[in-house]
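Residue numbers (this note's numbering), protein chains in the order written: chain G, 1 to 413; chain D, 1 to 413.
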């Protein structure tokens, strides 16, 4: 296996760690937040934009690329890296999650999943072997096992059956891989049941994977439930391998999970919100279309070093958004996703913390540094888990990130 | 008046000339093709993109900015240059053309025009004085007199009345201006009637403007008619001042007009076509969605030095277009609009010719250079005026540029 993961520092006061991962397409540092490039492009951005914004690894969706333009086509064209002009670390998911979430008529069997294309209604089947074959054709540096994302809520029996299916599929994925320059991650399922999560981890570890993901969270459960699952699962995973919390999430979620020892994240939140005109700042959400910004000459966030904040006013961004200009989506995405262009003079440790925290706007590195208590400085608040009062589901996630309720240590008033 | 125009070279075999214009926001070279930034942004591009593509001057539409976000607001925010982060030469039109073309209920009087906003139906009036006031608030380096774009066809009497109105308005524009750091251009009208055009030029010259535009062409007349009007009008204009052919056009039109001594152009053609997936190449139009490009690993135009051609395949661009990705519009625009990033090693003379010709894809500078016969080299074909067979109107313009019927000297087969 080509990938090498090394831990650079561990926090004294939490399970947080800083790491560095070497892949066939270069290095990425952890904790890493991956921008989502669903159809082989992070919407509105070029790879050069992403690099300038500090992105080291991005994610692309196997389901979408399988349907269009097709994995065989991408393989013929030199693989996904070359196709999309991203010559850096890249991860593809297995496609399973989209099969379930974008299709109403899905047939699951021991063999695999059958579904209809959301594009043209054509019928397709994906088996574990097929999921690996597709991902080997795409050629990402990290690929994922096909899993069943256990629905929420699910009874113990249903969650167990689902978890066993994931284990069966994981084994078949492992056995069918042919490319050894890619890392293959197993995905931990088991619903909200600690015993099932534990059994799943043990079985996956016995099979042996290059890294481990936690799946089946952020599916409608409460924040406490998610924290519980993550905090129970992470300690069971090998400490010297990458840990990836799939589809998470809000800055709040990310900071908590980093404290628990998670290394990798992905979420459409910063990019999708940007396109909807919702911008992250350390003081809270900023809905750019609001009339109050019509004459506002200040940047989205004073002091922010991103390209957008360096060059454009809220008034201009509001104008672009109301005029439905393409540039609005691009400039908003640049702000929401990244803040720390190379050469900005901060040390890597700070940059990583900053990137993470600022992806959701929980304040600046400088401010946090004054509260440093361990090797990770004050980047990761020591207390977390404060109950989020809003309801469950996506809206809750959105509301939370946008209302920017600060973590206890960051309360400004 | 701040603006200074100098002619660097004149062609021996035609009226073509190379020039350099100094403005309060720097220099632009002529012949110049201005990308259209309708609402204070060239769609999908940042100013940095535009500069990298070789753009030295761009155009923005007064009508749109007046309605949204409002010229007073832009003035308060430091002017249009600052608002849109374009610190280089900038031209605004008077708004008159959009008043006529975007509104069905326009009331024209000696006083000015009344119209309804295409955004919300609100009623507005623009007088010559108001047109100048708005453009002074926006603060472009070159502003335009309010004119009436004479419809086509128009009888001699109608065209004469219209031309007299334009003259009246032009005088009022000249008399109402307060900012002397902006250049004010007069616009020649007169329909398709040489005597009216001549009278119009004479009257405008007597009033005295900083440059002269030819309006009322590309409004449905035949190509021959347009060539006729331009070739009859240009010699009447002062040779030491800028000449601007408004709303033109296709590469064919541009090359012909340059030969006749025109210095400036603007058109939405390259940018709008790009967003519609129609790409310019020297061999003809390339409709990127076509199935034949699905597996095509080559760039849009082999040898093209634009960012898009350097980094992406036709197959990828086709995928982005079919997937309706924002990046498709951006990458296509980059290709269609500009080809010659700074530092590409060509001399200014070549670059200008190249930029012009390549905006429509009539071949490379190198190929043309072998046919050089004058100081402008072979950039401008010596014979032109070959009849375009397609019908009149916008579709004709589109078809012509896209079918890329070569000029006589450039015929490849």
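Note that CB positions come from ideal geometry on N, CA and C, so glycine has one too. Predicted model only: the values in this text are computed from it and were never measured.
- Residue 141 of chain G is not bridged by DSSP to any residue.
- Minimum Cα-Cα distance from residue 184 of chain G among the listed residues G:250, G:244, G:191 corresponds to G:244.
- Chain D has no Cβ within less than 8 angstroms of the Cβ of residue 135 of chain G.
- Residue 311 of chain G belongs to the set of residues whose beta carbon lies under 8 angstroms from a beta carbon in chain D.
- Under DSSP, residue 33 of chain D takes part in a beta bridge, and its partners are D:265.
- At a cut-off of 8 angstroms between beta-carbon atoms, residue 315 of chain D makes contact with chain G.
- Three or more beta-carbon pairs drawn from the segment 229 to 247 of chain G and the segment 203 to 218 of chain G are found closer than 8 angstroms, and the two stretches are therefore classed as touching.
- Under a criterion of Cβ atoms nearer than 7 angstroms, the residues of chain G adjacent to residue 39 of chain D are, in order, 323, 325.
- Check the Cα spacing between residue 280 of chain G and each of G:16, G:323, G:335, G:180: the tightest is with G:335.
- Cβ atoms of residue 90 of chain G and residue 83 of chain G stay farther apart than 8 angstroms, at about 11 angstroms.
- Only those residues of the segment 274 to 303 of chain G whose C-beta falls short of 8 angstroms from the nearest C-beta of chain D are listed: 294, 295, 297.
- Within the segment 65 to 106 of chain G, complete beta strand (DSSP E) segments of at least 3 residues are found at 90 to 92, given in chain order.
- Cβ contact annotation for residue 2 of chain G (same chain, cutoff 6 angstroms, sequence separation greater than five): 24, 181, in chain order.
- Going by beta carbons, residue 221 of chain G and residue 152 of chain G fall inside the 8 angstroms limit.
- Cβ proximity to chain G below 8 angstroms picks out 73, 76, 77, 78, 83, 84, 85 from the segment 72 to 87 of chain D.
- Among the residues of chain D, none has a CB under 8 angstroms from the CB of residue 150 of chain G; the nearest is roughly 30 angstroms distant.
- The DSSP-derived three-state label of residue 27 of chain G is strand.
- A Cβ of chain D is located within less than 8 angstroms of the beta carbon of residue 319 of chain G.
- Look at the segment 179 to 261 of chain G and you find these whole runs of alpha helix (DSSP H), each 4 residues long or longer: 194 to 207, 223 to 233, 251 to 259.
- Look at residue 15 of chain D here: in three-state DSSP terms it is coil, with no helix or strand label.
- Assigned with DSSP and collapsed to three states, residue 324 of chain D falls in coil, not helix or strand.
- Residue environment analysis places residue 310 of chain G among the exposed positions, since fewer than 16 neighbouring C-beta atoms fall within 10 angstroms of its C-beta.
- At a C-beta separation below 7 angstroms, residue 329 of chain D has these neighbours in chain G: 326.
- In the same chain as residue 64 of chain D, and ignoring 5 residues on each side of it, the C-beta atoms closer than 6 angstroms to its own belong to 38, 39, in chain order.
- DSSP places residue 165 of chain D in the uninterrupted alpha helix (DSSP H) bounded by 156 to 176.
- Contacts between residue 44 of chain G and chain D, judged by CB atoms closer than 7 angstroms, involve 326, 327 in chain order.
- Contact note: residue 68 of chain G reaches chain D through 319, 322, 323, using a C-beta cutoff of 9 angstroms and chain order.
- Within the DSSP bridge table, the entry for residue 4 of chain G names G:22 as partners.
- Here the C-alpha atom of residue 41 of chain D lies approximately 11 angstroms from the C-alpha atom of residue 317 of chain G.
- The closest CA to that of residue 327 of chain G, considering only G:276, G:92, G:67, is found on G:276.
- Checking the DSSP bridge columns, you'll see residue 284 of chain D partnered with D:281.
- Here the C-alpha atom of residue 88 of chain G lies approximately 11 angstroms from the C-alpha atom of residue 80 of chain G.
- In this model, residue 231 of chain D and residue 13 of chain D are separated by some 15 angstroms (Cα to Cα).
- When secondary structure is reduced to three states using DSSP, residue 124 of chain D falls in the strand class.
- A buried status is given to residue 172 of chain D, since no fewer than 16 other beta-carbon atoms sit within 10 Å of its beta-carbon.
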